[in-house]
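One structure is given here, and the rest of the page talks about it.
Residue numbers (the numbering used here): 422 to 669.
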């Protein structure tokens with residue numbers, strides 16, 4: 422863990438400087454989570470699924486007052502940095518939880534943790550093959566092997582509707598999802614009666630095996646208008662999209 426000063430002067434703890442600067446660009450500079458009429462109002466409840474080191478929670482806390490942010494991060498090393506950033510910026514409105522959200526309750530989910538690019542850590546490493554090949558072309562084999570050094574770790578996952586019940590959540594004004602391949606699992610964990618509590622969804626989708634189509638179909642069948650945008654910062658060959666969904 423090291424402390425980093427970002428381009429806007431903001432300080433944060435991180436595990437990888439280059440990756441943190443990239444994520445900062447997505448969240449702070451590009452404001453990717455506030456496009457296509459996504460609105461965050463004072464006092465809103467936000468679920469930050471795939472919280473990583475907490476830059477999204479920090480950004481939201483800066484742009485709006487009295488938010489209630491629930492941040493979910495299952496990988497212990499990354500979770501420790503998340504907690505340090507919450508402490509560093511005195512984010513009393515952010516509640517961190519050391520587990521992920523999914524379609525089932527699983528106390529021992531295996532994750533592939535990449536210490537040199539922890540934000541890419543995933544429960545589905547097979548979906549990183551295209552990204553790895555692309556990085557070989559850009560950075561070379563040796564540097565790519567460095568980035569993809571990996572450790573298998575155990576993390577807990579809880580069904581999203583169980584968490585809604587456990588935390589007595591009446592409304593999720595924004596459900597943000599960035600979970601490196603498990604996006605579909607997250608919304609499959611929302612039971613029918615809980616869908617009406619979700620007002621807006623923003624997600625980054627790794628579009629493999631028709632995942633994008635199924636993800637959007639679930640949203641639309643639950644009353645959402647969906648906008649799909651290619652992630653402008655991602656190479657087109659990665660086929661990553663941002664999803665913006667609001668209730669009709």
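The beta carbon of each residue, even a glycine, is placed where N, CA and C say it ideally should be.
From this set, the options, which residue's C-alpha is nearest residue i's C-alpha?
| i | options | result |
| --- | --- | --- |
| residue 423 | 455, 649, 519 and 537 | 537 |
| residue 569 | 440, 431 and 597 | 440 |
| residue 600 | 511, 489, 510 and 533 | 533 |
| residue 488 | 461, 470, 510 and 505 | 461 |
| residue 483 | 542, 644, 651 and 431 | 431 |
| residue 615 | 429, 626 and 644 | 644 |
| residue 545 | 556, 444, 531 and 557 | 531 |
| residue 669 | 465, 542, 624 and 459 | 459 |
| residue 511 | 660, 662 and 433 | 433 |
Let me know the secondary structure DSSP gives residue i once reduced to three states.
| i | result |
| --- | --- |
| residue 422 | coil |
| residue 528 | strand |
| residue 472 | coil |
| residue 667 | strand |
| residue 482 | helix |
| residue 563 | helix |
| residue 650 | strand |
| residue 596 | strand |
| residue 572 | strand |
| residue 434 | strand |
| residue 602 | coil |
| residue 590 | coil |
| residue 490 | strand |
| residue 644 | coil |
| residue 540 | helix |
| residue 467 | strand |
| residue 513 | coil |
| residue 622 | strand |
Ignore the nearest five residues each way along the sequence and tell me which others in residue i's own chain have a CB closer than 7 Å to its CB.
| i | result |
| --- | --- |
| residue 448 | 454, 476, 477 and 480 |
| residue 584 | 522 |
| residue 507 | 475, 515 and 517 |
| residue 605 | 632, 635 and 636 |
| residue 591 | 618 |
| residue 529 | 575 |
| residue 572 | 534 and 536 |
Which one or two residues does DSSP pair with residue i in a beta bridge?
| i | result |
| --- | --- |
| residue 661 | 627 |
| residue 579 | 522 |
| residue 534 | 572 |
In its own chain, which residues sit with a C-beta less than 6 Å from the C-beta of residue i, not counting the 5 before and 5 after it?
| i | result |
| --- | --- |
| residue 457 | 648 and 665 |
| residue 639 | 608 |
| residue 503 | 472, 474, 475, 494 and 517 |
| residue 596 | 468, 619 and 622 |
| residue 438 | 425 |
| residue 519 | 500 |
| residue 527 | 578 |
Report, in whole angstroms, the separation of the C-beta atoms of residue i and residue j, which I expect to be a contact under 8 Å.
| i | j | result |
| --- | --- | --- |
| residue 491 | residue 588 | 7 Å |
| residue 642 | residue 612 | Going by Cβ atoms, the distance from residue 642 to residue 612 rounds to 14 Å, so no, they are not a contact pair. |
| residue 553 | residue 565 | 6 Å |
| residue 603 | residue 621 | Not a contact, Cβ separation roughly 20 Å. |
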